[in-house]
Structures are given as C-alpha cells and as structure tokens.
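Numbering (this note's numbering), first residue to last: 7 to 299. No residue lacks a Cβ here, since even glycine has one placed at the ideal position from N, Cα and C.
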C-alpha cells in the first residue's frame with residue numbers, strides 16, 4: 007500500500023505530548039502527561055467527545071463512560087462523536103438502551119454516530135440511526151466553528167468519495183472533522199483499509215482536513231501525514247483491546263500509540279484551533295495535541 011505521494015509537502019500542523027518509542031516498545035506517557043481537566047480550557051469554547059468500539063455493556067465501557075461524565079462536569083461538551091461498533095455483537099435493537107444511550111446520559115449532549123461492521127452485520131443499522139435521530143450516511147453535522155462529515159466505511163467507497171469531495175469543496179468552517187469506522191491508517195490487528203486509502207485519503211489530503219476519527223482497531227493511535235492531516239484511531243471505548251504493532255510499511259508518521267481504554271476530548275478555539283486530548287478511565291491525559299488551520 008503506497009503512502010500519500012511524494013508531491014505532498016510537510017506542513018507543521020500539530021504538536022503533541024507523546025511520541026512512539028524506538029525498538030518496537032510501546033510508547034510511555036511523557037512527563038507532561040496530565041490529569042483530565044488540567045488541559046487549558048475556556049468555558050465558552052465548543053467541545054466534543056469521541057469514542058469507538060464501546061457498546062459491550064461491560065466494565066470497561068462503564069469506566070470510560072464515567073470518565074466522560076467527569077470531564078463533562080468541568081468542560082463544555084456539545085456532542086458525543088462515535089467511530090462505530092456502537093452495539094455489540096450485531097447491532098441488536100434490544101441492546102440499544104443498555105449500551106448505546108443509558109451509559110452516556112450523564113453527558114448532556116447528542117450522540118452523532120458512525121456505523122461499524124458490528125452495527126450493520128445483522129441489518130439493524132437503520133434502527134440504530136433512527137434511535138439517535140440521524141440520517142443514513144453520508145451526512146454532515148455542525149457545531150460553531152467545526153463541521154463533521156460522517157461516512158459509512160462498510161460500503162460504497164467510490165460513491166461516497168464524490169459526496170466527500172463536494173462537501174469539502176463547499177464553503178464552510180476551516181475546521182473539518184471526518185468520521186468513519188475502518189481506519190485509513192493503523193498498525194494493529196486490522197490495519198489500514200485499502201479501499202479507504204484509495205478512494206478517500208487523496209480527498210482528505212487534497213483538502214487538508216484538520217482531523218480524521220476512526221475506530222475498528224481497539225486501541226489509540228495518532229498519525230500525522232506529510233501534509234499535516236491528523237488521523238486518530240479511537241477504538242478503546244470498552245471492547246477488548248488489541249495490541250499495538252510496529253514497523254507497518256507505507257503509513258504516515260505515528261505520533262502516539264497506546265493499548266488503553268480511553269475517550270478523546272476535543273475543544274474548539276476560535277475558527278482555527280482544535281485541542282485534542284486522549285484520556286484514560288482514571289482521568290489521565292496520555293496524549294495531547296493542538297491542530298491549527
């Protein structure tokens with residue numbers, strides 16, 4: 007799988023608190039790792055939380071949901087964004103209350119969800135979207151200063167590429183966040199997704215999207231492309247974790263990676279800055295970055 011092309015220019019667009027270690031060892035938190043709530047915040051900022059691969063109803067999901075509630079008690083949260091696999095094992099509607107809605111009632115914000123492979127495999131995707139008040143993807147949502155574009159990476163990659171390009175070409179905020187399940191880039195159990203890389207990544211790079219949120223691999227990984235596009239795998243919302251791999255060819259620089267349950271907290275400052283924190287169940291921020299456009 008080829009990387010993004012030699013024509014792309016390196017553009018400084020992201021600073022972070024942790025980086026991948028040498029010799030194939032799992033990265034360790036930097037000395038600047040903080041406790042959730044200590045990342046600078048303004049109560050007037052727009053904010054959102056992101057989780058993926060969470061809907062099991064198990065202890066890990068409950069712990070992450072409790073940490074999200076604690077964060078929301080001290081920060082503005084306008085939406086919960088999911089990267090899919092919201093309801094295990096097969097998206098069954100009888101599990102919606104227990105694993106999709108009830109755990110997050112403590113965060114008073116709507117859930118805007120991508121669909122994972124487990125959500126669609128038994129044909130219940132439409133019921134899940136209806137429960138959350140969402141249209142069939144692709145669709146767009148907005149908060150002040152930021153637009154979210156949701157794709158369905160389970161199907162029709164070429165068809166959705168046209169929609170994505172049109173949306174990104176239209177007038178809108180400088181900050182765009184693209185959300186789908188199967189990751190563009192990953193070095194773990196499932197790895198990168200060839201059809202996504204072929205149909206969507208060139209568009210994301212051409213428009214220099216601020217942030218891409220994915221799941222599917224049950225861990226945390228943050229990549230920064232040579233063109234300054236930030237790709238985060240956030241698949242640690244509650245399902246069993248997957249090991250981090252090393253040495254996968256053809257990927258952008260991986261700036262951070264953790265085998266850890268977590269959620270991602272993002273604050274939007276003005277019209278050009280995202281502050282992104284990856285936070286574990288005990289409230290510790292183990293990766294932090296700032297993205298500007």
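Could you give the DSSP three-state label for residue 98: helix, strand or coil?
Of the three classes helix, strand and coil, the one that applies to residue 98 here is coil, per DSSP.
Within 10 angstroms of its Cβ, does residue 231 collect 16 or more other Cβ (buried), or is it exposed?
The residue in question, residue 231, is buried, as its Cβ has 16 or more Cβ neighbours within 10 Å.
What is the rounded straight-line gap between the Cα of residue 282 and the Cα of residue 242?
In a straight line, the C-alpha of residue 282 is about 16 angstroms away from that of residue 242.
Sequence-distant residues of its chain with Cβ nearer than 7 angstroms to residue 224 (five each side left out):
Scanning its chain for C-beta atoms nearer than 7 angstroms, with the 5 sequence neighbours on each side dropped, one finds around residue 224 the residues 59, 241, 242, 245, 246, 247 and 248, in chain order.
Residue 119 to residue 157 span [Cα, whole Å]:
When rounded, the distance between both Cα atoms is 10 angstroms.
Going by C-alpha distance, which of 293, 237 and 204 is nearest residue 215?
Here the closest residue by C-alpha is 237.
The alpha helix (DSSP H) enclosing residue 277, as first and last residue numbers:
First-last for residue 277: undefined, no H or E at that position.
If you draw a straight line from the C-alpha of residue 4 to the C-alpha of residue 64, how long is it?
The displayed coordinates of the chain run from 7 to 299. Any statement about residue 4 would go beyond what the structure contains.
Whole-Å CB distance - residue 127 paired with residue 96, under 8 angstroms assumed:
Under the criterion of beta carbons closer than 8 angstroms, residue 127 and residue 96 qualify as touching, at roughly 5 angstroms.
Can you name the start and end residues of the beta strand (DSSP E) that residue 236 belongs to?
Bounds of the beta strand (DSSP E) holding residue 236 are 236-240.
Could you check what DSSP says for residue 266 in three-state terms: helix, strand or coil?
Three-state result, residue 266: coil.
Measure how close the beta-carbons of residue 186 and residue 220 come, nearest whole angstrom, since I'm counting them as under 8 angstroms.
Taking the Cβ atoms as the reference, residue 186 lies roughly 6 angstroms from residue 220, within the contact range of under 8 angstroms.
Under a three-way DSSP split, which group does residue 39 fall into?
Model confidence at residue 39 stands at a pLDDT of 34, short of 50, so the residue's coordinates are unreliable and nothing is read from them.
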